[in-house]
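A.B. asks: In the numbering used here, the protein residues as written are 440 to 593. Would you mind keeping the following structure in view while I ask a few things?
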């Protein structure tokens, strides 16, 4: 005899495998991964989840191929992901992709008075009109300002 709930879960898995096979035969491009879940605490519920690695274009193509509801959602870590929710043969399907968002750069407060002082000094040394400066002087001035903005001392 099979343990309590195993017959029901087996039936759900077989149905989900058939739905997943139908899904994979229908969509292109193929997802990065497919997962089928049927938990012991809820043996009559099964679902399919598919992931497209950082590929919103794939999710949009799947939406056009399958329909369903496409939604942008926040994550607890501040990133966002897109989720396409639909049903195949009465089995819930969620296809999703994470948006790649790099960590924000630290914000530095620019000391405009210091930059103005540097500009005035360079104008005294190289002429009042920066458009008349030689290319190497322009390059050196730009490097000096970049150095200041990155936190370097003069």
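Think of the CB as a built atom: it goes at the ideal place given N, C-alpha and C, for glycine as much as any other residue.
On the three-state DSSP scale, how would you describe residue 513?
C.D. replies: Taking the first residue of the chain shown as 1, we reach residue 513 at position 74. Note: residue 513 maps to strand in three-state DSSP.
A.B. asks: Whole-angstrom Cβ separation of residue 504 and residue 471, contact assumed at under 8 Å?
C.D. replies: What you label residue 504 is simply residue 65 of the chain shown in a count that begins at 1. What you label residue 471 is simply residue 32 of the chain shown in a count that begins at 1. With a Cβ gap of about 17 Å, residue 504 and residue 471 do not count as contacting.
A.B. asks: Kindly list the residues whose CB is nearer than 6 Å to the CB of residue 456, restricted to its own chain and excluding five residues on each side of it in sequence; keep chain order.
C.D. replies: Position 17 of the chain shown, counted from the first residue, corresponds to residue 456. Excluding residues within five positions, none has a Cβ falling inside 6 Å.
A.B. asks: Our contact map puts residue 554 next to residue 587 with C-beta atoms below 8 Å; I'd like the distance itself, whole angstroms only.
C.D. replies: The residue labelled residue 554 in the question sits at position 115 within the chain shown. The residue labelled residue 587 in the question sits at position 148 within the chain shown. Confirmed, Cβ separation roughly 7 Å.
A.B. asks: Pop quiz: residue 527 and residue 486 are said to be a contact at Cβ under 8 Å. What is the actual Cβ separation, rounded to whole angstroms?
C.D. replies: Sequence index remark: in the chain shown, residue 527 carries index 88 (1-based). Sequence index remark: in the chain shown, residue 486 carries index 47 (1-based). At roughly 11 Å, the Cβ-Cβ gap does not stay under 8 Å, so residue 527 and residue 486 are not in contact.
A.B. asks: Which residues in the same chain have their Cβ closer than 6 Å to the Cβ of residue 488, if we skip the five residues on either side of it in sequence?
C.D. replies: Locating residue 488 in the chain shown gives position 49, counting from the first residue. Closer than 6 Å at Cβ, skipping near neighbours: 474, 533.
A.B. asks: Taking buried to mean at least 16 other C-beta atoms within 10 Å of its own C-beta, is residue 648 buried or exposed?
C.D. replies: Since the first residue shown for the chain is 440 and the last is 593, residue 648 is missing from the structure and cannot be characterised.
A.B. asks: Is the beta carbon of residue 493 less than 8 Å from the beta carbon of residue 509?
C.D. replies: Taking the first residue of the chain shown as 1, we reach residue 493 at position 54. Taking the first residue of the chain shown as 1, we reach residue 509 at position 70. No, Cβ-Cβ distance for residue 493 and residue 509 is not below 8 Å.
A.B. asks: Using the rule of at least 16 other Cβ atoms within 10 Å of the residue's Cβ for burial, across every protein chain shown, is residue 536 buried or exposed?
C.D. replies: As a working note, residue 536 is residue 97 in the chain shown. By the 10 Å Cβ count, residue 536 comes out buried.
A.B. asks: Can you tell me whether residue 448 is buried or exposed? The criterion is at least 16 other CB atoms within 10 Å of its CB, across all chains shown.
C.D. replies: The residue you call residue 448 lines up with position 9 of the chain shown. It counts as buried.
A.B. asks: Tell me whether residue 538 is buried or exposed, calling it buried when 16 or more other Cβ atoms sit within 10 Å of its Cβ.
C.D. replies: On the chain shown, residue 538 is found 99 positions in, with the first residue counted as 1. Exposed is the call here.
A.B. asks: Could you tell me the alpha carbon to alpha carbon distance between residue 574 and residue 590, rounded to whole angstroms?
C.D. replies: The residue labelled residue 574 in the question sits at position 135 within the chain shown. The residue labelled residue 590 in the question sits at position 151 within the chain shown. So the alpha carbons of these two residues sit roughly 25 Å apart.
A.B. asks: Which residue comes first and which comes last in the beta strand (DSSP E) that contains residue 520?
C.D. replies: On the chain shown, residue 520 is found 81 positions in, with the first residue counted as 1. Residues 519-527.
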